[in-house]
Amino acid sequence: MARITLIWLAICCGLSASEITCTLQNTAVCFEAQDIEIQIPAQWLPPTEQMHDAYDADRDQRYFRLDGHFIHKDITLIIPCFFMRKKPDAAWTCMLRWAPTRTGNWTLLLKGTVGLGDAQVQNIKHDTQQVINVTDEGLDGFLQYPQEQASQRYFRISKSDGTNTAKLLHGSCRAWLVSADKTSSGWAAHEYANRKNELLPALREHGYNVLHQWFAPWEYQLVHLDKAEYWRQADDSWKRHPIASSWHAHQSIDQGRASAFDTWIKQLAGNKSGECIYTLLAPLPHVSFQLDRHSWGGEGCWSKIDDPDQRLEKCNGFSALIGGKNIWRFFLADPAQTLESTPSKDFDHQANYFRYLIARWSAFTSVGIWEIFDEIDAIGGEVGLMDQKTAWWSDKRHDQWLENINALFAGDLKRSDGLLYRGDPYQRPLHCATTSHAGGISADSNLYWKNIPDKHMSIGWHWYPTPSDKNILHFWLKTVHGLGLFSDVWKDTRPHFLGEFGYVDRLQPFNQVNILYPSLYHFGIWGSAFNGHAITAMDWDDGKEYGEIRFRQSPGAFDQKSYPINNGLRLDALRQFCKSIDWDSVRISRQDKSIPQVKDAKHQISYALQDKNAVYAWTLLFGDHFACSIDNIKNARYTLQFYDSWTGQKIIHPEIILKAENKSVTIKSEALKDYLIKNRNSQMTKDKRLFKGFDIAWTLHQIAD
């Protein structure tokens with residue numbers, strides 16, 4: 120790409136004119152992140168310890184707030200500039216990172232304000248007048264929230280012409296990378312998996328396109344208590360580099376960890392030959408807000424004062440501002456208070472952090488969803504219970520904080536002095552989740568939390584179902600019923616999904632793998648897909664007790680002999696069956712009574728979707744017979760076709776022709792009985808982990824007159 124160096128004069132207020140230069144490419148690719156480096160005169164730079172204090176949170180009148188306005192006809196993307204170091208001890212560089220969302224010509228306008236202390240303010244404004252030509256090379260676009268008028272709950276993927284399309288997404292929880300100590304006992308010797316060579320190929324081969332990703336305390340946590348940066352080495356280990364200059368834990372962004380995340384998020388973004396894998400990204404996961412006494416434990420914590428045994432780099436850096444155990448002050452931050460108030464200052468420290476995330480990573484399509492909280496019940500020192508008004512639910516101001524963060528990311532939030540906080544220019548979805556607590560699905564709990572912001576906020580639930588008796592079919596039914604219960608809670612059209620799901624495979628590497636897998640995953644993804652979830656149930660695969668997406672090629676506790684599990688094959692079957700579904704027109708029978716409704720006969724339960732072409736259904740069977748009726752269906756002739764839900768392929772026997780009368784049609788299939796019995800008997804003797812013969816998929820297509 121050609122590069123043109125631009126030089127311009129800033130519009131000054133009280134100071135002499137100064138020059139700024141940047142290198143700008145005159146071509147770009149739609150949805151591909153591109154960096155622009157900006158040279159800032161030294162006299163305009165903030166002190167090192169305040170490089171990221173765009174909102175002057177400490178109120179010392181020193182700040183740097185510069186935005187790039189990328190303009191395409193009537194579309195404008197406003198993206199904050201940010202400071203970064205490209206290697207340890209290097210000088211700070213001012214960067215602007217963007218990704219065009221349309222083909223055609225764009226221009227760049229820079230606008231900003233620099234506070235130089237003592238009430239001195241420098242205003243910057245310049246139109247580069249350089250045209251950037253953007254081409255389309257077929258890259259995946261950004262995840263988008265459904266339009267308000269949408270009748271279904273699926274996330275949408277933007278296109279280069281400004282349109283977007285709905286899609287059922289498929290997710291997994293396996294982003295963690297920890298060092299393996301082969302000399303240790305337990306899981307420490309086996310937990311490491313190389314992302315590039317082991318994780319990404321497994322995800323892309325089986326069509327996973329969502330990955331639950333934390334800024335985990337042991338890896339990517341950007342704001343921590345150690346006065347150092349952690350830079351990743353070629354072998355995936357970390358090297359500590361102390362910071363010699365002035366430093367404030369709550370204002371510092373670990374540049375080593377940020378650089379490592381740059382590399383990872385680029386690998387996830389894909390290219391023309393690899394589909395984008397969208398992250399469900401938690402910038403501050405619950406373990407960063409847990410006090411030591413919380414019963415859920417976890418690696419990481421709020422503060423060193425609360426948890427003296429924790430390493431400094433695993434402690435939340437905001438605790439240095441707020442206090443060792445006073446965690447709830449974080450959520451009492453309020454931009455509506457007067458500028459000199461503590462709540463206003465606290466919020467601006469947080470806003471600086473979110474602004475940095477937006478500036479550095481929002482241009483990557485692989486940042487799919489901002490997960491504001493992954494488990495809101497885990498914050499503090501006890502498991503929060505909505506009905507008992509404990510922890511998060513102890514103060515309504517916590518909900519107000521979430522409303523403010525929601526508005527901040529949407530670009531709708533103003534400070535008490537009228538300053539507008541810079542939001543996510545790509546308007547990707549937000550997310551917040553509660554948990555099932557110990558496997559329960561009763562109405563008690565935080566599943567029914569309703570006070571959640573409407574704008575762009577999707578709903579999550581983390582559920583680890585547990586067997587209640589020795590009847591395995593009853594457990595599959597319980598699992599599917601739980602997925603449906605979660606759908607029933609939300610009557611509006613906002614997306615919802617299980618951001619965590621699963622059951623412990625084995626407690627120690629030498630234990631046998633739990634017999635429930637991979638069937639639990641099979642029933643989880645089919646049940647979530649046909650209950651209208653936006654993402655299929657995301658199995659928690661942690662590389663230890665909870666297992667892996669599939670066995671590894673390398674020898675050890677997760678090789679094929681020791682770990683005969685391949686959840687990816689189960690997802691392959693679902694994707695095969697669903698490949699012809701038009702998700703833009705899908706309606707879900709469980710939520711929309713105006714479309715055809717399946718009325719089950721005894722010993723079975725069905726879930727159905729309808730698009731503009733057909734009815735797609737999945738049935739969980741208790742017996743050997745298949746029979747049901749479909750009501751509220753157009754009087755016409757139909758073809759009925761059965762599919763093996765374990766392969767996604769058609770079952771070989773003649774298509775059945777049916778005729779609907781009085782808006783109803785009855786379906787029976789004696790031919791299916793032998794097939795189901797054979798599959799059940801087969802799995803009992805050969806594939807004991809695959810509970811085949813207990814469910815079936817089918818379609819109903821209207822025959823043209």
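Heads up, the sequence shown is in my numbering, so the first residue is 120 and it goes up one at a time. Ideal Cβ positions, reconstructed from N, Cα and C, are used throughout, including at glycine.
Supposed close pair residue i, residue j - CB separation, criterion 8 Å
i: Ala307; j: Asp300; result: 5 Å
i: Glu168; j: Ser378; result: That belief does not hold up - the Cβ atoms of Glu168 and Ser378 are roughly 19 Å apart, past 8 Å.
i: Leu399; j: Glu490; result: 5 Å
i: Ile197; j: Pro544; result: 6 Å
i: Gln710; j: Gln768; result: That belief does not hold up - the Cβ atoms of Gln710 and Gln768 are roughly 29 Å apart, past 8 Å.
8 Å CB neighbourhood of residue i in its chain, flanking five on each side removed
i: His413; result: Ala497, Gly499, Gly500, Glu501 and Val502
i: Ala823; result: none
i: Ser708; result: Ile714, Pro715, Gln716, Val717, Tyr726, Ala727, Leu728 and Gln729
i: Trp211; result: Leu164, Thr167, Met170, Phe202, Met203 and Arg204
i: Arg122; result: Caution is warranted here: a pLDDT of 40 is assigned to Arg122, below 50, making its placement in the model unreliable, and the coordinate value is therefore given only provisionally. Here the set comprises Thr142, Leu143, Gln144 and Asn145.
i: Ser356; result: Ser298
i: Ile644; result: His289, Thr655, Ala656, Arg689, Leu690 and Leu693
i: Lys807; result: Ile634
Residue i and residue j closer than 8 Å at C-beta
i: Thr738; j: Asp814; result: yes
i: Pro637; j: Asn590; result: no
i: His830; j: Asn525; result: Any answer about residue 830 is impossible in this case: the structure gives the chain only from 120 up to 824.
i: Gly231; j: Asp280; result: no
i: Ala552; j: Gly618; result: yes
i: Gln271; j: Arg613; result: no
i: Leu795; j: Trp765; result: no
i: Ser783; j: Asp750; result: yes
i: Tyr397; j: Asn328; result: yes
i: His289; j: Leu690; result: yes
i: Phe492; j: His405; result: yes
i: Ala648; j: Phe620; result: no
i: Asn650; j: Ser606; result: yes
i: Gly542; j: Ala529; result: yes
i: His360; j: Glu348; result: yes
Sequence-distant residues of its chain with Cβ nearer than 7 Å to residue i (five each side left out)
i: Ile159; result: Ile139 and Cys213
i: Gly133; result: With a pLDDT of only 35 at Gly133, under 50, the local geometry of the prediction cannot be trusted, and no value is derived from it.
i: Ile190; result: Trp225, Thr226 and Leu228
i: Ser535; result: Pro454, Ala455, Gln456, Thr457, Leu458 and Ser463
i: Leu592; result: Phe741 and Phe813
Cutoff 6 Å; reference residue i; Cβ partners in own chain excluding five residues on either side
i: Thr818; result: Ala733, Tyr735 and Gln760
i: Phe150; result: Ala218, Leu258, Gly260 and Thr484
i: Tyr339; result: Arg376 and Phe380
i: Ile130; result: Per-residue confidence for Ile130 stands at a pLDDT of 35, beneath the threshold of 50, marking its modelled position as unreliable; no derived number is given.
i: Thr554; result: Glu494, Asp496 and His581
i: Gly443; result: Ser422, Ile424 and Asp425
i: Gly579; result: His550, Ala552 and Gly618
i: Lys675; result: According to the sequence as given, residue 675 is Gly; it is not Lys. So the qualifying residues of the chain are His309.
i: Trp568; result: Met505 and Thr553
i: Arg756; result: Lys778 and Ile822
Closest Cα partner of residue i within the set the options
i: Thr282; options: Arg756, Lys811, Tyr640 and Asp703; result: Asp703
i: Phe466; options: Val486, Glu522 and Ile424; result: Glu522
i: Leu635; options: Gly666, Gly651 and Thr612; result: Gly666
i: Leu403; options: Lys698, His369 and Leu387; result: His369
i: Lys508; options: Leu399, Asp719 and Asn565; result: Asn565
i: Glu324; options: Arg669, Glu348, Tyr762 and Ile446; result: Arg669
i: Cys292; options: Gln332, Lys278, Val148 and Lys787; result: Gln332
i: Ile157; options: Thr247, Tyr174 and Ile194; result: Thr247
i: Gly223; options: Leu602, Glu256 and Val233; result: Glu256
i: Leu639; options: Tyr583, His820 and Leu777; result: Tyr583
i: Asp175; options: Val297, Lys569 and Ala470; result: Ala470
i: Lys712; options: Ser681, Ile752 and Cys697; result: Ile752
Residue i - partner residues in DSSP beta bridges
i: Phe616; result: Gly579
i: Asn633; result: Bridge partners of Asn633: none, in fact.
i: Val599; result: According to DSSP, which records beta bridges pairwise, Val599 is partnered with nothing at all.
i: Ala736; result: Ala727 and Trp817
i: Ala746; result: Lys787
i: Tyr762; result: Lys769 and Ala816
i: His325; result: Its beta-bridge partners do not exist; DSSP assigns none.
i: Thr220; result: In DSSP, Thr220 forms no bridge with anything.
i: Gly234; result: Tyr182 and Val240
i: Thr554; result: His581
i: Met505; result: Answer is none; Met505 lacks a bridge partner.
i: Trp357; result: Arg351
is_contact[residue i, chain B] using C-beta, thresh 8 Å
i: Asp806; result: Looking at the structure shown, chain B is missing, and only one protein chain is on hand.
Residue i beta carbon near the ligand HEM (any heavy atom closer than 7 Å)
i: His550; result: Inclusion of the ligand HEM in the displayed structure is not the case, the ligand content being empty and no account of it being possible.
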